[in-house]
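First comes the structure, then the notes that go with it.
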Amino acid sequence: MSVMERRLIREASFGLTGKLWRISWLYVLLLCALASVGYAALYSAAGGAPEPFASKHILRFGFGVVLMLSIALVDIRFIARFSWLGYLVGVVMLVLVLKMGHTGKGAERWINLGGMQWQPSELMKIMLVLALAHWFHKASWERMGNPLFLIPPALAVLVPVALILKEPNLGTAVITAVVGGAIFFGAGMRWWMVALIVGLAVLALPIAYEHLHDYQRARITTFLHPESDPLGAGYNIIQSKIALGSGGMWGKGYLQGTQSHLNFLPEKQTDFIFTLFAEEFGLVGGWALMGLLATIILGGLAMALFCRHQFGRLVALGLSVNFFMYVLVNIAMVTGAIPVGGVPLPLVSHGGTAMITVMIGMGILMSVHVHRDVEFVEDRDEI
Amino acid sequence: MKRDNKRATVFTRRALLIGGAQIAALGGLAARLYQVQVVEGARYTTLAESNRISSRLITPPRGRLLDRFGITLAGNKRNWRALLIPEQTADVAATLDNFSKLVPLAENERARIDREMRRHRRFIPVTIRDFLSWDEMASLEVNAPDLPGIVVDVGTTRLYPFGPSLAHLVGYVAPPNEADLALDNILALPGMRVGRAGMEKVHDKRLRGKAGAVQLEVNAVGRVIRELDRQEGTQGQDIQLTIDAELQKAVIERLGDESASAVVLDARNGEVLAMATNPSFDPSLFNSGVSQTQWLEWTRNRRAPLINKATSGLYAPGSTFKMVVAMAALEAKVVTSSDTVSCPGYLDFGDRRFSCWSKFGHGTMNLRDGIKNSCDVYFYEVARRTGIDRIAAMANKFGLAVPLDIELPGTRSGFMPTRAWRIGQGKAWNVGDTIVSGIGQGYMQLTPLSLATMAARIATGRAIQPHLTRTIDGVPQSGASPEDWPALGVSDRALHAVREGMWAVVNEQGGSAPLARLDLPNLPTVQMAGKTGSAQVRNVTREQREHGYKSENQAWELRPNALFVCFAPYDQPRYAMALVVEHGNAGAAAAAPIARDIMQAVLTHDPSAHREAPQRVADAT
């Protein structure tokens, strides 16, 4: 390590210009590109009009970018200090949503804050990432070998997962568990423990199925045999596949998607926006969009690798896995590869608070990147 | 450092592992997409062709507004319209030319049709003409072979059987604008209308109803093959008003050509039985859009046909205000009903002389005679003793210059001056201002509705509020029973003295409004109590007065407004009324006879005797 670098790390903070230089503007550009795809798709979803989806979408994104950049400039050590407070707030909100939340489509997932409907489980995931990273960033390799040390963070994952399951929101609960698991894994959990947990999860599957709600089970059955109920629960999957399939290699052309425009495709502006896009732009367009999403996911992972403190690494890892899980579940869902789960495609689907939550996550990721070389006081103590 | 290095190495390795897994998963998805879109593409393309069930919404009929007996005040009427399906004719221009020969189309209509056709696909019908008459429709049907692509269709439109006579109260509907659409997307359905004024606006949401749905068999490009299933929407709720439509019509007819307004209340519970404003307009014109010339004619007319004078017209109350002054004085105990004031025809105060309407004077006046003769000097003096603030407080108590609970949008409260208001303007309140307020002149401005409220409160001693909604979807609304309204909180003796004065105005020899005496052969014992008012709309100087100023010789808009407030029957009050005849010159001559005729119609019709629930009346078609 050169003297110059050491000095940078030791500096308590650096100027605004310095921070602005360290923001990955290329990454910001990628996010803008993704939101533009969202605009185009939502414009088409409204039958070729900016109202009621597209113009709101781009406005929210503009607000989201400002929010993201503001968060990016906040010192990551400052954010770290409030990790557990944020986690507690998240859990309280989850409890509140169970007690007095507003039911949307059969599940209590929404809470009204500031005149907007929020899904606390979305914010919870970010808070969980921060809290786990805070727990593990002091942990040495040896300490990670001690199973007792892993019990408190395991509980920190299970409590929100259980609360989200109770809403019930199976999709988000699974994503939350996977994001938590990824941080355990990145922090250096021993392989035998990884194997043990994966094994236990597989064994628990049949028991979990017993405890699913009827509609969740219906989704799984219709997933296995969608044609059994073509106008009922299997309708979404079939219509989505028909829309995709009729799009073919090159698509039907922008604004020409018949399946989505004739209203065969339900929720085309939210969960099934990818279908609409791939119907109109074909496999080529679908792949291109997936390529863009993959670049954003791997870019987040790269930020984790460039970071020089454990906290930042784990936060970046968790957030990029979170983003990845959205994409995976959403596209797998619309292509009929997994049961439908009500997960939007980030920055493309219509939905205000989901967009804001994603942008908060992106802001924290950027903050990690801006502050990739800073030194935590606790680190110094350990040296 | 070493431990940290170990941690970092493990992290890097595992992060790369996760990255690899992510790439693999996304690769799997890409392959899945390839399978669905390309490998199985042909199969799904065929499925898309046969994808055939499309759900569309159908417009619900708007709820009706009914009068207190269930007569339709605003209903729905079938609207025959001609549509053009462009793809069904080889030559759109020729078809439209043929159409114009039967039903002439203006240049701008042709332009609109062209515009709409360009916007939609060729199988989407475009409206060519709404509101076809029976003859037009028949000629279109007969000539159908020459009109390929023309379809005659039926929709609904709003019908106002009472037209102008209830226009201000019932209001009107108009096509929704962008702002409405943003609030409720049901309005995007063809034929949906939004209440823009009156009760149509007040109850708009209830009247809208719920959209129905129709399942259509369509082919892959969306062309309708046939209808599979239909669920009619829910008609909007019916709203029953307190209005008696027949009475309303009679009132409007009696007002004739006058620019005038009359409000009839059930004095016991505040139900508005009639609320008439003259001149009026035809509300159905708004349904399809009002022409520029029509609009200019309405807005430039100095008799203001678009204004609901009953709730928004502001007038000095003139002598109809004297009851309030009397009540304020009695309650403040500055006079008793037997105290007298001597009237020589004027009152000098400071360097100003305040004239009585009778320049010969009335002699010695007590409260009853003061009201009976409408002696100005008596009320100048009583007002001076009482003071403006106590008068204003009493006015508010009687519903004057305070917000009333009437539902109608655009209702104004009116204005009552107080000392504090004048000081707030940075000016002093003069005793002279109080003196002119004693005869309802000066700064105060009141609506006919509030004057009717005052009359009802004098008649019953209850703080009734005027209201218009009787039942919503068959559910009676509160306020129908006299017990729903609290007592005014003034002494019965004072009220009684004032009522007696009002009785004398109409029924006693020498009263100021002998023309208001009731003459009902069937109800010989029923008597009315009332009070005239003639309110100047401009200052008349002493000089003008001495040079033989006669208001009836002035131009129309400079003549005083004529007012009358009354209630009946005197011994058991059930109906209260206020009437304003704009620039009618004298209350006794211009307003009293009209008031008498209206009250006779009210008593004959006796709407408040009928309290049963509304009957369901079939919609006019």
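So the sequence lines, in the order shown, correspond to chains A and B.
Counting from 1, one number per residue, gives the positions in the first sequence under the working numbering.
Counting from 384, one number per residue, gives the positions in the second sequence under the working numbering.
By construction, the Cβ of each residue, glycine as well, lies at the ideal position given by its N, Cα and C atoms.
If we count Cβ pairs, one from each stretch, closer than 8 Å, do we get three or more for the region 623 to 634 of chain B versus the region 654 to 663 of chain B? yes
Name the two residues that bound the continuous beta strand (DSSP E) containing Cys949/B. 944 to 951
Given this structure, state the Cα-to-Cα distance separating Asn491/B from Thr353/A, to the nearest angstrom. 46 Å
Who does Glu654/B pair with in a DSSP beta bridge? Note: Glu654/B is bridge-paired with His850/B in the DSSP secondary-structure output.
Please name the residue or residues paired with Asn459/B in a DSSP beta bridge. Arg541/B
Any 3 or more C-beta pairs closer than 8 Å across the region 57 to 74 of chain A and the region 128 to 146 of chain A: no
Taking 8 Å as the CB-CB limit, is Arg415/B close to chain A? Taking Cβ atoms only, chain A reaches closer than 8 Å to Arg415/B, which makes this a yes.
Who are the Cβ neighbours of Pro700/B in its own chain at under 7 Å, not counting the five residues just before and after it? Counting only Cβ-Cβ distances below 7 Å, and skipping sequence neighbours, we find Gly823, Met827, Leu829, Leu834, Gly916, Ala918, Leu946.
Lys138/A touches chain B at which residues, Cβ-Cβ below 9 Å? Going along chain B, no residue has its Cβ under 9 Å from Lys138/A, so there is no contact; the nearest lies around 10 Å.
Beta-carbon gap between Glu519/B and Val486/B smaller than 8 Å: yes
Spatial neighbours of Leu231/A within its chain, please: C-beta separation below 6 Å, excluding the five flanking residues on both sides. Only weak support is given to the placement of Leu231/A: the predicted model assigns it a pLDDT of 45, under 50, and the value that follows is read from those uncertain coordinates. Here the set comprises nothing.
Beta carbon of Gly188/A nearer than 8 Å to that of Trp141/A: Yes, the pair counts as a contact, with Cβ atoms nearer than the cut-off.
Let me check understanding here. Comparing Cα to Cα, which of Glu51/A, Ala294/A, Ala243/A lies closest to Glu279/A? The option with the nearest alpha carbon to Glu279/A is Ala243/A.
Give the C-beta separation of Met97/A and Pro120/A to the nearest angstrom, bearing in mind that I take them to be a contact with Cβ-Cβ under 8 Å. It is worth fixing the name first, because residue 97/A is Val in this sequence and not Met. Right, their Cβ atoms sit about 5 Å apart.
Distance between beta carbons of Leu713/B and Glu764/B, contact taken as under 8 Å: Their Cβ separation, rounded to whole angstroms, is 14 Å, which puts Glu764/B and Leu713/B out of contact at 8 Å.
Which two residues bound the contiguous beta strand (DSSP E) that contains Asp649/B? Per DSSP, Asp649/B is one residue of the beta strand (DSSP E) stretching across 643 to 649.
Residue of Val785/B, Ala778/B, Met706/B minimising C-alpha distance to Arg751/B: Met706/B
Using a Cβ cut-off of 8 Å (strictly closer), state whether Tyr427/B contacts chain A. yes
Let me see if you follow: with CB-CB separation under 8 Å, is Thr442/B close to chain A or not? no
Express the C-alpha separation of Ala978/B and Ser895/B in angstroms, rounding to a whole number. Separation of Ser895/B and Ala978/B (C-alpha to C-alpha, rounded to the nearest whole angstrom) is 14 Å.
Less than 8 Å separating the beta-carbons of Val963/B and Pro786/B? no
Looking at the structure shown, is Thr176/A part of a helix, part of a strand, or coil, going by DSSP? helix
For Phe394/B, go through chain A and note every residue whose CB falls closer than 9 Å to its CB, in chain order. Gly186, Ala187, Gly188, Ala304, Leu305, Gln310, Arg313, Leu314, Leu317
Pick from Thr682/B, Leu679/B, Leu668/B, Arg686/B that is closest to Asp640/B, judged by C-alpha positions: Arg686/B
Assess, as a yes-or-no matter, whether the region 840 to 848 of chain B is touched by the region 861 to 878 of chain B under the definition of 3 or more beta carbon pairs within less than 8 Å. With three or more CB-CB distances shorter than 8 Å, the region 861 to 878 of chain B counts as touching the region 840 to 848 of chain B.
In angstroms with no decimal places, state the Cα-to-Cα distance between Leu903/B and Gly821/B. 34 Å
Under 8 Å, Cβ to Cβ, is there at least one residue of chain A near Gly402/B? By this cut-off, Gly402/B is an interface position.
Using beta carbons (cut-off 8 Å, strictly below), is Glu423/B in contact with chain A? At least one chain A Cβ lies under 8 Å of Glu423/B.
Terminal residues of the alpha helix (DSSP H) in which Asp722/B lies: Element bounds for Asp722/B: n/a, residue is neither H nor E.
Less than 8 Å between the beta carbons of Leu530/B and Phe482/B, yes or no? yes
Exposure label - Ile76/A; buried when at least 16 CB within 10 Å: buried
Sorted by chain position, which residues of the same chain lie with C-beta nearer than 8 Å to Ser695/B's C-beta, five sequence neighbours on each side aside? Gly793, Thr794, Arg795, Thr830
Length of the line joining the Cα atoms of Ala521/B and Ala838/B: Going from the Cα of Ala521/B to the Cα of Ala838/B covers about 55 Å.
Quick one: is Ser70/A buried, meaning 16 or more other Cβ sit within 10 Å of its Cβ, or exposed? exposed
Buried or exposed: where does Val985/B fall if 16 or more other Cβ atoms within 10 Å of its Cβ makes it buried? Result: buried.
Touching or not, the region 315 to 335 of chain A and the region 188 to 198 of chain A, by the rule of three or more beta carbon pairs under 8 Å? no
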